[in-house]
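Please read the structure below before turning to the comments.
2 protein chains.
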Amino acid sequence: MSTHYFDDVQVGERFTSAPYTLDRESIIAFAQQFDVQAFHLEHAAANESVFGGLAASGWHTAAVAMRLFTTGPLQFVGGAVGLGVDELRWPVAVRAGDSVRLETEILGARPSQSKPTHGILRIRNVLTNQNGEVVLSYSANAMVQRRPNGTA
Amino acid sequence: MSTHYFDDVQVGERFTSAPYTLDRESIIAFAQQFDVQAFHLEHAAANESVFGGLAASGWHTAAVAMRLFTTGPLQFVGGAVGLGVDELRWPVAVRAGDSVRLETEILGARPSQSKPTHGILRIRNVLTNQNGEVVLSYSANAMVQRRPNGTA
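As they're listed, the protein sequences go chains A and B. One rule links them: number in my numbering = place in the first sequence (from 1) + 415. One rule links them: number in my numbering = place in the second sequence (from 1) + 415.
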């Protein structure tokens, strides 16, 4: 695992995380805390719902994507501050036992106008399951540190 | 707390949740599981960061908004299935001890083309802190059940 500055990444570069498996207990625990709807909480009601079975909260899936982003191959010195997210979608439900993997692509890079020590990266995050189906996708702007002058 | 069908809400209606307080322990616990960046984990590193102190993960804030949505005054028979979220923003950081409140506005309503038993609501969710500052906002499409024929 290496740490990056703004200046170290190129538009078009892609980074792929390790896989991560969501189990039934974690799906239910997240829902009990943050998304108390029956289709995220118990199998009986979930079977009757549009999901046709227990499904992870979309916000749980998004949080898992962030876990894979912050523990994966693309890490930034001083961290990456999310400024905003667009077009957050959940095309396929995440089920207990699914193993997901995050791919991050650098869509754009520009210096920050307000903070000359930082740059803004436009990234696209796509989470896929073990069958190659996209379960979550979004684009985001993240503020990261520029390499200090005189370092390499 | 009442439960709603698609047909029960009007465009322009607003619903306000109870307040919810985020404490230091929950901010750190969420970050340890899902967003392992120093400014969400420990005060010393957070003080040196662009946040100038410990700040909740934006995905934690979003999960809290969902908690307030699913436990608040606007609940739907059979639940609300999130189809997508746009323009997710975090204009002000959430700090330990902050008390937040969710306001949901109905922006639009249309029958589902693929599922005649359901409708699609366009909603705007805005989370504000105890000082009235917006800490999170987004627009979303949610699929909810239509009132069955012959019921009132």
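In this text, a Cβ means the ideal position worked out from N, Cα and C, and glycines have one as well. In this text, all values refer to a predicted model and were calculated from it rather than measured experimentally.
Residue i versus residue j: straight-line alpha-carbon distance, rounded
i, j, result
"G427(A)", "G523(A)", "8 Å"
"Q452(A)", "L536(A)", "35 Å"
"A446(B)", "R561(B)", "38 Å"
"V424(B)", "V507(A)", "28 Å"
"P526(A)", "L517(A)", "26 Å"
"F449(A)", "T532(A)", "36 Å"
"A459(B)", "S441(B)", "18 Å"
"Q545(A)", "T519(A)", "17 Å"
"Q490(A)", "T485(B)", "34 Å"
Residue environment, residue i, which counts as buried when at least 16 other CB atoms sit within 10 Å
i, result
"A461(A)", "buried"
"S432(A)", "buried"
"S529(B)", "exposed"
"G547(A)", "exposed"
"D513(B)", "buried"
"D438(A)", "exposed"
"A471(B)", "buried"
"A495(A)", "buried"
"A477(A)", "buried"
"G467(A)", "exposed"
7 Å Cβ cutoff, residue i in contact with chain A
i, result
"F421(B)", "no"
"A508(B)", "no"
"R516(B)", "no"
"L503(B)", "yes"
"V465(B)", "yes"
Check whether residue i and residue j have beta carbons under 7 Å apart
i, j, result
"V362(B)", "V509(B)", "Chain B is shown from 416 up to 567; residue 362(B) falls before or after that span and cannot be answered."
"M481(B)", "W474(A)", "yes"
"D501(B)", "S554(B)", "yes"
"V515(A)", "Y435(A)", "yes"
"V492(B)", "T418(B)", "yes"
"L498(A)", "N556(A)", "yes"
Residue-chain proximity (residue i, chain B), Cβ-Cβ < 7 Å
i, result
"D513(A)", "no"
"V500(A)", "yes"
"L456(A)", "no"
"T485(A)", "yes"
"D438(A)", "no"
"A477(A)", "yes"
"V549(A)", "no"
Closer than 6 Å: residue i CB and nearest the ligand ATP heavy atom
i, result
"N546(A)", "Absence of the ligand ATP is noted for the structure shown, with no ligands found whatsoever."
Give the residues from the stretch 527 to 539 of chain A that approach chain E closer than 9 Å (Cβ to any Cβ), ordered along the chain.
-> The displayed structure is made up of protein chains A and B, and chain E is not among them.
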